[in-house]
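Asker: Okay, handing you the structure first.
In the numbering used here, the protein residues as written are 12 to 315.
Following this line, the structure appears as structure tokens:
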């Protein structure tokens with residue numbers, strides 16, 4: 012019998028005997044004591060974020076911890092490059108040290124679209140591994156183009172790029188990402204390039220199964236030596252655009268994204284103790300608020 016039940020029974024006996032009865036509040040003070048006084052921790056309040064779409068999950072249990080328009084299709088910006096890297100890393104007979112010659116078409120693409128760049132130099136020979144760093148750290152659209160050209164199939168560059176994007180969409184279907192579609196290798200496409208906060212989080216969980224991917228996205232900065240057209244060497248320096256790697260303890264990485272339509276996006280993974288959280292923010296209002304939104308979600312998730 013609980014303490015409250017015992018108290019109630021006692022009160023009944025007292026009434027039957029005609030003795031004076033204390034007020035009910037005095038009979039069971041433990042029943043009305045604050046939760047904290049009873050050793051019960053109140054559930055944390057769900058945060059408010061500026062992002063149009065947001066999702067947070069516990070990777071260990073698969074439990075959804077937070078969702079805001081999590082299945083609404085939105086532009087993804089350069090978070091698309093998560094899929095670019097995944098397709099490359101899943102290629103049969105992959106040689107990460109294979110050389111790729113930087114073409115003028117890649118730099119022209121950057122200039123034409125005012126896109127983010129790894130500042131690859133035409134004529135340089137870079138490895139596939141280096142292109143992955145250039146893709147995921149400074150978010151190089153030139154690196155994305157080079158990888159699509161290298162790993163697509165066809166007799167022309169246009170055909171190879173189209174083939175590569177086809178592989179991206181086939182991979183999305185195989186993962187059950189029903190609200191995801193790509194029309195570019197870097198997120199710079201039009202209305203046909205979209206996903207959701209839930210789908211991108213699931214994509215991130217899948218991509219992080221690859222050891223090379225994990226190593227690349229966890230890297231804060233790197234210097235890579237490439238071979239120039241004349242046979243000399245050049246050192247490339249790249250810094251990661253992911254603010255959480257330096258501002259939130261336990262961050263494992265993933266990818267930022269931005270653009271006129273996409274606004275400010277972030278796919279992230281963070282581990283503290285035995286809990287690993289994955290999440291996505293789409294269309295945050297600014298780069299500053301994107302980082303704040305992520306911090307709010309993570310603090311909330313780790314407190315649950």
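C-beta atoms are modelled at their ideal positions from N, C-alpha and C, and glycine is treated no differently. Since this is a predicted model, take the numbers as computed values, not measurements.
Out of 238, 216, 233 and 93, point me to the one whose CA is closest to residue 251's CA.
Answerer: Mapped onto the chain shown, residue 251 falls at position 240. Minimum Cα distance to residue 251 is reached at 233.
Asker: Tell me residue 67's beta-bridge partners as DSSP assigns them.
Answerer: Your numbering for residue 67 matches position 56 in the chain shown. The partner list for residue 67 (beta bridge, DSSP) reads 77 and 290.
Asker: Whose C-alpha, out of 214, 231 and 297, is nearest the C-alpha of residue 289?
Answerer: Along the chain shown, one-based indexing puts residue 289 at 278. Of 214, 231 and 297, the residue nearest in Cα terms is 214.
Asker: Kindly confirm or deny that the stretch 149-166 and the stretch 179-198 touch, where touching means at least three C-beta pairs closer than 8 Å.
Answerer: The stretch 149-166, when compared against the stretch 179-198, does touch it at the 8 Å Cβ threshold.
Asker: Do you know whose CA, among 182, 221 and 287, lies nearest residue 210's CA?
Answerer: The residue labelled residue 210 in the question sits at position 199 within the chain shown. The option with the nearest alpha carbon to residue 210 is 182.
Asker: DSSP three-state call for residue 280: helix, strand or coil?
Answerer: Your numbering for residue 280 matches position 269 in the chain shown. Strand, per DSSP.
Asker: If I follow the unbroken beta strand (DSSP E) through residue 235, where does it start and stop?
Answerer: Numbered from its first residue, the chain shown carries residue 235 at position 224. Looking at the DSSP string, the run of the beta strand (DSSP E) that includes residue 235 is 232-238.
Asker: Please go through the stretch 76-130 and give each complete beta strand (DSSP E) segment of 3 or more residues, from N-terminal end onward.
Answerer: Complete beta strand (DSSP E) runs here, min 3: 110-112.
Asker: Could you give the distance in angstroms between the alpha-carbon of residue 103 and the alpha-carbon of residue 58?
Answerer: Against the chain shown, residue 103 aligns to sequence position 92. Against the chain shown, residue 58 aligns to sequence position 47. Their backbone Cα atoms lie some 43 Å apart in a straight line.
Asker: Taking 8 Å as the threshold (C-beta atoms), are residue 307 and residue 90 in contact?
Answerer: Position 79 of the chain shown, counted from the first residue, corresponds to residue 90. Position 296 of the chain shown, counted from the first residue, corresponds to residue 307. It is not a contact, given that the beta carbons lie outside the stated cut-off.
Asker: Judging by CA-CA distance, which residue of 93, 310 and 241 is the nearest neighbour of residue 220?
Answerer: The residue given as residue 220 occupies position 209 in the chain shown. Nearest C-alpha to residue 220: 93.
Asker: Could you check where the beta strand (DSSP E) with residue 228 kicks off and where it finishes?
Answerer: Numbered from 1 along the chain shown, position 217 holds the residue referred to as residue 228. Unbroken run through residue 228 is the alpha helix (DSSP H), 222-228; no beta strand (DSSP E).
Asker: With a threshold of 16 other CB atoms inside 10 Å of the CB of residue 107, please say whether the residue is buried or exposed.
Answerer: By 1-based counting over the chain shown, the position of residue 107 is 96. Exposed, by the Cβ-count rule.
Asker: Could you tell me if residue 204 is buried or exposed, where buried requires 16 or more neighbouring beta carbons within 10 angstroms of its beta carbon?
Answerer: Numbered from 1 along the chain shown, position 193 holds the residue referred to as residue 204. Under this definition residue 204 is a buried residue.
Asker: Using a Cβ-Cβ cutoff of less than 6 Å, which residues in the same chain neighbour residue 218 once the five nearest sequence positions on both sides are dropped?
Answerer: Locating residue 218 in the chain shown gives position 207, counting from the first residue. Result list for residue 218: 93, 97 and 224, in chain order.
Asker: From this set, 244, 302 and 177, which residue's C-alpha is nearest residue 62's C-alpha?
Answerer: Residue mapping note: residue 62 aligns to position 51 of the chain shown, counting from 1. With distances taken between Cα atoms, residue 62 lies closest to 302.
Asker: Determine the DSSP secondary structure at residue 132, reduced to helix, strand or coil.
Answerer: Position 121 of the chain shown, counted from the start, is the residue given in the question as residue 132. In this structure, residue 132 counts as coil in the three-state DSSP scheme.
Asker: Sort 278, 313 and 276 by Cα distance to residue 285 and report the nearest one.
Answerer: By 1-based counting over the chain shown, the position of residue 285 is 274. Of the listed residues, the one whose Cα sits closest to residue 285 is 313.
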